[in-house]
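The opening residue of the sequence shown carries number 1 in the working numbering; numbering runs sequentially from there.
All remarks here apply to the structure that follows.
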Amino acid sequence: MQTLLELYETNFFDEEFTERLEMMARFRNRLVHIYWDVDDEVVYQILQKDIEDLELFLQKFMDKLR
Numbered sequence: 001m002q003t004l005l006e007l008y009e010t011n012f013f014d015e016e017f018t019e020r021l022e023m024m025a026r027f028r029n030r031l032v033h034i035y036w037d038v039d040d041e042v043v044y045q046i047l048q049k050d051i052e053d054l055e056l057f058l059q060k061f062m063d064k065l066r
């Protein structure tokens, strides 16, 4: 999460997007460490609803690399 904070502090991401990325990072940690306690339906809902955040995240990095 430190990396997200640094990206926010350099204005790479705005505050709202940084918060959404932090939520994704926490959920990722839960998937990795206590996957048996994660509802498949919740994962599916997140993928359906929040895929745009991942696309935007990747696009921002791709734009920086160009």
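Positions of the beta carbon are idealized from the N, C-alpha and C atoms, including for glycine.
What is the rounded straight-line gap between the Cα of E9 and the Cα of T18?
-> The residue labelled residue 9 in the question sits at position 9 within the sequence shown. The residue labelled residue 18 in the question sits at position 18 within the sequence shown. The alpha-carbon atoms of E9 and T18 are separated by roughly 10 angstroms.
Answer with buried or exposed for F13, where buried requires no fewer than 16 other C-beta atoms within 10 angstroms of its C-beta.
-> Along the sequence shown, read from residue 1 onward, the residue named residue 13 stands at position 13. Buried: at least 16 other Cβ atoms inside 10 Å.
Under 8 angstroms between C-beta atoms of L21 and L4 | The sequence position of residue 21 within the sequence shown is 21, counting from 1. The sequence position of residue 4 within the sequence shown is 4, counting from 1. Cβ atoms of L21 and L4: closer than 8 angstroms.
Nearest-angstrom beta carbon gap, A25 and M62 [assumed within contact, 8 angstroms] = Within the sequence shown, the letter at position 62 stands for residue 62. Within the sequence shown, the letter at position 25 stands for residue 25. With 8 angstroms as the limit, M62 and A25 do not qualify as a contact, their Cβ atoms being about 20 angstroms apart.
Taking only runs that begin and end inside the segment 21-64, name each unbroken alpha helix (DSSP H) of 4 or more residues, in chain order.
-> DSSP runs (the alpha helix (DSSP H)) wholly in the segment 21-64: none.
Let me know the secondary structure DSSP gives F17 once reduced to three states.
-> Taking the sequence shown and counting its residues from 1, the one referred to as residue 17 is at position 17. Note: F17 maps to helix in three-state DSSP.
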